[in-house]
Each structure stands twice: as C-alpha cells, then as structure tokens.
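To convert, note that position 168 of the sequence shown is 196 in our numbering; the numbers rise steadily by one, no gaps.
Quick reminder that beta carbons are idealized off the backbone N, C-alpha and C, glycines included.
Keep in mind the model is a prediction, meaning the values are calculated, not measured.
As structure tokens, the structure follows; a few thoughts come after it.
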Amino acid sequence: MAHDIERYLNIRSAYGASFSADDELAFLMDTTGVPQVWTLSDPGGWPEQRTFFDERVTFVSWSPERPAFAFGMDRGGDERQQLFHYDVSTGEITNWTTDPDAKHRWGGWSHDGERIAFAANRRDESVFDIYVQDRSETGTDAELVAEGDGWLTLGGWSPDSSRLIVTEAYSNFDQDVAVVDVETGELTELTPHDGTVRFQSATWGPDGDHVYFVSDRESDTLDLWSVDIDSGAFSLVAADDDWEIDGVAVDDETGRIAYSTNVDGYTELTVGELSTPTAIEVTETPELPRGVAGGIDFDAAGEGFALTVTRRGDTANVYVGGGSTGETERWTRAATAGIPLDSFVEPELVHYPTFDGREIPAFFSLPETDTGHGETPVIVDIHGGPESQRRPSFSAVTQYFLANGYAVFEPNVRGSAGYGKAYGHLDDVEKRMDSVADIEAAVEWLHDHPAVDSDRIVAMGGSYGGFMVLAAMTEYPDLWAAGIDIVGIANFVTFLENTGEWRRELREAEYGSLADDREFLESISPLTTIDSIRAPLFVLHGENDPRVPVSEAHQLVEAAREHVPVRERIFEDEGHGFTKLENRVRAYEEIVEFLAEHVE
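Dropping the structure here:
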C-alpha cells in the first residue's frame with residue numbers, strides 16, 4: 029500500500045552524536061518536526077528530549093567535564109546561528125552569543141570545559157574572526173583572539189588548550205590550515221601551497237605537535253596527512269589508490285584514529301591507533317550497513333566512538349563502535365512512520381557515457397511497479413553544491429516517489445565531489461555548461477532504458493541543483509515533461525550581488541567573478557534564455573534564504589510565466605531549504621499535485 033507524502037515526511041532521523049564525560053549520548057532527532065537535542069544512556073533505550081523549540085537545532089556538543097552541553101540554533105532558516113549553553117542539572121538554557129545579526133560557527137570546548145571557541149562575522153559581515161569566551165559569560169564578553177579576512181572554520185583546541193586549529197576556505201577545492209595561539213593571537217601557517225589544494229577535516233594529534241587532515245596536495249584524490257607544527261614537515265599517513273579519504277577523527281588523549289573512505293559514494297571505515305605520529309596500526313574495519321557514515325565522536329575513554337549511519341533502505345541513526353567488544357551497535361531507533369523497511373528501494377550504481385567520452389556515475393532506482401515495457405516516469409534529481417555528491421543515504425521523498433510509480437535517477441555530473449580534484453574542476457567558470465550537457469546525456473541514457481517512458485521525464489533539484497534544472501530546461505527544452513526548482517539560482521549576476529556577504533568570495537571562486545566574468549555569467553543564466561522553456565515549472569523558495577535570495581524565485585516566475593504554466597510557493601519562515609515539518613508536508617503535497625497535473 030502506498031502511503032501519502034505526509035506519512036513519508038514523518039519518517040524521523042537521528043544524527044550528530046556527542047558523548048558526555050560519563051558516556052551519555054546526545055544527538056539531534058526530528059521527532060517533533062524540527063531537529064532538537066535528545067539524550068540516551070543505553071543502546072535501544074528510551075531517549076529523553078532536552079530542547080523544545082519551534083526552530084531547528086543545528087548541533088550539540090557535550091562539555092568534556094560537566095553535565096552541560098552546547099547547541100546552536102538560528103531563526104527561520106536565516107543561518108545566523110547563535111550558541112547556547114544547556115545545564116542538564118537544572119534545564120536552564122543560556123544564550124551565549126546574543127548577537128542575532130551575526131553568524132556564529134562552533135569551535136569546541138576547551139579540555140577543562142571552562143571556555144568555548146567560535147568564529148563569527150560580528151565585526152564585518154563578509155569575514156569571520158576568532159573568539160574565545162568563558163562558559164559563564166554571554167554576549168559581548170567574548171574575547172577577539174584574531175581577526176580574519178575570509179571564511180574561517182575552527183577545528184578544536186590543542187591538548188593543552190593553548191591553541192586552536194583554523195581552516196580558511198578560498199573555495200571548496202582550496203583551503204589553508206593554521207594554528208592560532210589563544211593568548212597572543214599569533215597564527216602559524218601549516219599548509220603553504222601554490223594553486224588549488226584541499227586541506228580538510230583538520231584535527232589535533234595527541235602530542236599537540238601534529239595536526240592531521242585529508243588533502244590532495246600530492247595526488248588527484250584526498251589522502252590522510254600529518255604535519256609537524258614546529259618543522260612544517262608533511263608525512264603521508266594513509267592513502268587509497270582509487271578513492272578519496274574524506275574525513276578523519278583522532279582522540280587527542282589516546283591516539284585512537286578513525287578515517288572514512290568514499291568508495292563511489294559508499295563509506296568504508298578504518299579504525300586504528302597512532303603507533304607513531306606518522307603511522308597507523310589498523311585494528312578494525314567496522315562492519316556498517318552499506319551506505320553513508322560520518323560524524324565520529326570518541327567516548328570519554330577514547331575507545332568507543334559514535335557515528336551517524338544512513339542508507340537508502342533505512343533512515344539515519346546513531347551507531348556506536350569500538351569499545352570492549354569491537355562491534356558496532358545501533359543505539360537510536362528513529363521511527364519510519366510505520367512504513368516497513370523492506371518497502372524501501374535500494375539504488376543501482378550505474379555509469380553512463382557523456383559527450384566527451386567520460387563515464388558519469390549515477391544512482392538509478394526503479395519502482396516495484398515497473399514492467400520493463402517503457403511505462404515508468406522518471407525524476408532526474410540533481411544535487412546542489414556544485415561541489416557536492418549524491419550518495420546512497422536515506423531520502424523519504426525519494427522513497428515516496430518510488431512507492432508511487434516513479435523511477436529516480438541521481439547523477440553525479442562533472443564538478444561533483446568524491447571523484448578527485450580533476451573531476452571537480454571540470455565545470456569551473458567557462459566550463460559550467462558542460463555539466464548541463466551531462467544532464468542531457470543522462471536523459472539520452474534513460475531514453476535507451478527499457479523501463480522508461482521518455483515522454484514523462486522530470487527535472488528536479490535544489491540550490492545549485494535548481495540552477496541545473498533551469499539550465500537543462502532552457503538548453504534542452506524538448507527533453508522534459510516538467511521541472512521543479514527548489515531554492516535555485518536563476519541569474520548568476522543577481523545571485524552573487526545579493527547572496528550573504530560572507531559567501532560571495534567563495535562562490536565567485538567557483539562560478540566566476542562579477543568584476544571579470546559578468547557578461548559570461550549573464551550568458552549562462554537560465555533567466556537570459558527563459559523564452560526557450562517549454563515544460564511546466566514549479567518554483568519553491570524560503571523568504572529568509574541567505575544563500576540564494578528569494579528574489580531569484582520572484583524574477584524567474586515573472587519571466588517564465590509568459591511562456592509556460594508556472595506555480596510558485598514561498599515559505600515565510602524558511603531559509604535555504606525547508607526544515608519545519610508542516611512546511612515540508614505542504615511543499616511536497618504541492619509537488620505531488622503538480623506532477624499529477626502535468627506528468628501522470
């Protein structure tokens with residue numbers, strides 16, 4: 029029996045785990061309709077809800093010494109995250125930052141739990157500075173440790189709590205890592221380089237003399253490296269010949285280390301001990317459900333670790349591995365709204381040829397109702413980013429479409445992450461439309477598939493994926509039965525002019541700059557060629573979107589309405605995507621109505 033979309037959107041997820049000093053687990057779960065903080069003491073036990081807000085909670089982090097945790101929350105999806113302190117013994121919540129016009133990025137607790145660190149754009153909306161604050165202070169009491177000049181992320185306190193890791197991003201494929209002395213503000217650069225090089229997932233080693241990260245400094249893919257802070261010497265710690273090591277976590281007391289490898293979208297986890305600062309003794313390769321895993325947090329002893337696991341056939345849940353048994357055990361039981369797990373469809377990993385002879389990876393899922401006789405409509409679901417990757421994680425919306433007779437095709441076109449830096453750069457600036465041509469090639473592959481009704485192919489995507497939908501519909505207008513654009517870019521010039529000040533430089537590094545590439549950006553913007561569109565279009569957006577301003581939706585709808593049927597839905601209390609359950613239900617109910625009218 030096929031359930032309605034509201035039933036599917038009531039499927040819950042649990043993720044983002046953090047261990048307390050006595051190994052109580054805190055995590056986020058969206059049982060109430062938006063993510064809130066819950067805690068759990070035993071695997072499979074009954075969790076306790078700790079926060080009760082109408083707005084989404086964005087992270088949780090236990091104090092290393094006390095029964096208290098930090099969490100983040102914004103307002104209406106505006107991404108201007110504030111940081112909060114929760115005292116478990118009293119339930120009292122304190123707003124640490126009280127600056128609703130600034131964006132605060134969590135940097136972690138000092139090891140004694142007395143101080144916190146964060147990056148914020150308080151001084152200048154376009155850049156992030158580094159702050160340290162006593163746990164008992166609020167608001168303007170935070171100490172400005174160092175001024176930044178770009179997009180800064182903190183990677184935690186050194187073992188002696190005297191320094192912080194700072195990562196500065198110039199683009200999604202180019203970063204630098206440094207350490208900053210908390211007392212003096214002095215920065216020590218660790219990753220001098222030429223060209224674009226990724227330095228990501230930076231974390232401290234137990235000796236406080238080494239920092240670990242994944243980088244493509246000497247290869248096309250991400251490898252695991254360490255750097256000696258005093259000498260600047262790099263050492264290769266682990267590498268995979270074909271795939272990217274996309275994340276690393278180190279317990280800075282015991283030297284336990286875990287890293288994840290992205291194997292064509294699926295996660296493989298390796299766990300071991302640092303036998304020296306530059307070598308790992310592998311102790312286990314945990315057996316996890318075949319899907320996507322990450323977000324590792326070690327327990328107080330540094331032996332066990334929590335992580336989030338999701339796969340297409342099951343929703344996200346928190347698992348705990350390591351410890352005395354060495355086995356990995358599921359701790360949370362996020363509900364599937366009474367929908368049987370065996371009704372969820374796993375995708376097939378496929379590769380299809382494109383215009384220049386490359387093979388493009390994609391996930392293709394067919395509904396159980398497929399007859400193999402060209403009767404099945406397809407939704408081509410295009411990820412955002414563009415430096416992102418569609419992976420086989422759970423999606424309630426995808427499962428709903430499959431249960432209602434749609435196939436779902438999810439391509440990782442050129443420019444996607446996960447396949448090396450050369451692949452990631454194939455869509456930069458003047459090569460932007462080559463990625464759109466990969467979408468045309470995907471539809472050609474679908475036309476040749478015996479299951480597919482080639483007259484009922486739909487384009488759907490969000491954010492940059494929304495741009496891809498619009499570009500595919502204007503560049504290749506005869507391929508589509510309908511299009512669904514969610515918080516998408518219609519005009520690169522107006523998008524860059526109006527996006528959040530802190531994001532512009534990062535986005536210009538990918539798309540091209542207003543100063544140098546304005547004419548080109550206009551030429552590839554779907555709004556410029558909107559008169560070519562032929563298929564009905566549904567545009568959805570959040571009024572408070574700080575990334576892709578809602579003005580993108582308004583100008584698109586006004587222009588497209590002259591040529592095709594257009595539907596528009598704006599949510600006044602959402603930002604870049606829809607987090608509140610009632611809004612998600614309304615959005616996808618209307619998408620279902622739109623498809624029923626124009627495709628079925």
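Asked, Found
"Are the beta-carbon atoms belonging to Phe391 and Glu376 less than 9 Å from one another?", "yes"
"For Gly400, count the other beta carbons within 10 Å of its own beta carbon; 16 or more makes it buried, fewer makes it exposed. Which is it?", "exposed"
"Could you say which of Val567, Glu580, Asp544, Pro564 lies nearest to Thr527 if we only look at CA atoms?", "Glu580"
"Using CA atoms only, rank isn't needed, just tell me which of Pro75, Asp82, Asp115 is closest to Ser89.", "Asp115"
"Which of the three DSSP states, helix, strand or coil, is assigned to Tyr434?", "coil"
"Ala500 to Gln203, Cα distance in whole Å?", "31 Å"
"Classify Leu180: buried if its beta carbon has 16 or more other beta carbons within 10 angstroms, exposed otherwise.", "buried"
"Could you tell me which residues DSSP puts in a beta bridge with Asp115?", "Ala96"
"Within the same chain, show all residues whose beta-carbon is closer than 8 Å to that of Asn611, passing over the 5 residues directly before and after it, in chain order.", "Phe599, Asp601, Glu602"
"Looking only at DSSP bridge pairs, what is Trp253 linked to?", "Phe241, Leu264"
"Quick check: the Cα distance between Gly452 and Arg460, rounded to an integer number of angstroms?", "11 Å"
"Can you list, in chain order, the residues of its chain whose CB lies under 7 Å from that of Val225, leaving out five sequence neighbours each side?", "Asp202, Ser243, Asp244, Arg245"
"What did DSSP end up calling Phe333 once you bin it into helix, strand or coil?", "strand"
"Using only alpha-carbon positions, find the residue among Ser229, Gln417, Asp409, Pro505 that is nearest to Thr288.", "The displayed chain sequence assigns Ser, not Thr, to residue 288. Checking every option, the nearest Cα to that of Ser288 belongs to Ser229."
"Between the alpha carbons of Gln64 and Val457, how many angstroms are there, rounded?", "39 Å"
"Could you check if Ser117 is buried or exposed, using at least 16 other CB atoms within 10 Å of its CB as the buried criterion?", "exposed"
"How big is the Cα-Cα spacing for Glu550 and Asp51?", "54 Å"
"Whole-angstrom Cβ separation of Gly233 and Ser254, contact assumed at under 8 Å?", "7 Å"
"From Thr249 to Ser164, what distance separates their C-alpha atoms?", "43 Å"
"What number of angstroms, rounded off, separates the C-alpha of Tyr159 from the C-alpha of Ala328?", "26 Å"
"Could you check the C-alpha separation between Glu331 and Leu111 for me, to the nearest Å?", "29 Å"
"Among Arg597, Asp258, Thr295, which one has its Cα closest to the Cα of Ile273?", "Thr295"
"Counting only runs that start and end within the stretch 443-501, where is the beta strand (DSSP E) found for 3 or more residues in a row?", "480-490"
"Report the option in Ser560, Phe520, Ile558, Gly44 whose CA atom is closest to the CA atom of Asp545.", "Phe520"
"Which same chain residues end up closer than 7 Å to Val441 when comparing Cβ atoms and leaving out the 5 residues on each side of it in sequence?", "Ile388, Ser463, Asp466, Ile467"
"What would DSSP say about Gly223, mapped onto helix, strand or coil?", "coil"
"Could you tell me which residues DSSP pairs with Ala145 in its beta bridges?", "Gly136, Val160"
"Please return the same chain residues whose Cβ sits closer than 7 Å to the Cβ of Gly236, not counting the five positions on each side in sequence.", "Ser186, Pro187, Asp188"
"Taking one C-beta from the stretch 500-516 and one from the stretch 121-130 each time, how about it: are there three or more such pairs within less than 8 Å?", "no"
"For Asn38, does the three-state DSSP call read helix, strand or coil?", "coil"
"Helix, strand or coil, according to DSSP, for Glu536 in the structure here?", "helix"
"Thinking C-beta only, is Leu542 closer than 9 Å to Ala518?", "no"
"Below 9 Å between beta carbons: does that hold for Val576 and Ser444?", "no"
"Using beta-carbon positions only, say whether Trp359 and Asp70 come within less than 9 Å of one another.", "yes"
"Within 10 angstroms of its Cβ, does Glu196 collect 16 or more other Cβ (buried), or is it exposed?", "buried"
"Tell me the rounded alpha-carbon separation between Val278 and Arg284.", "6 Å"
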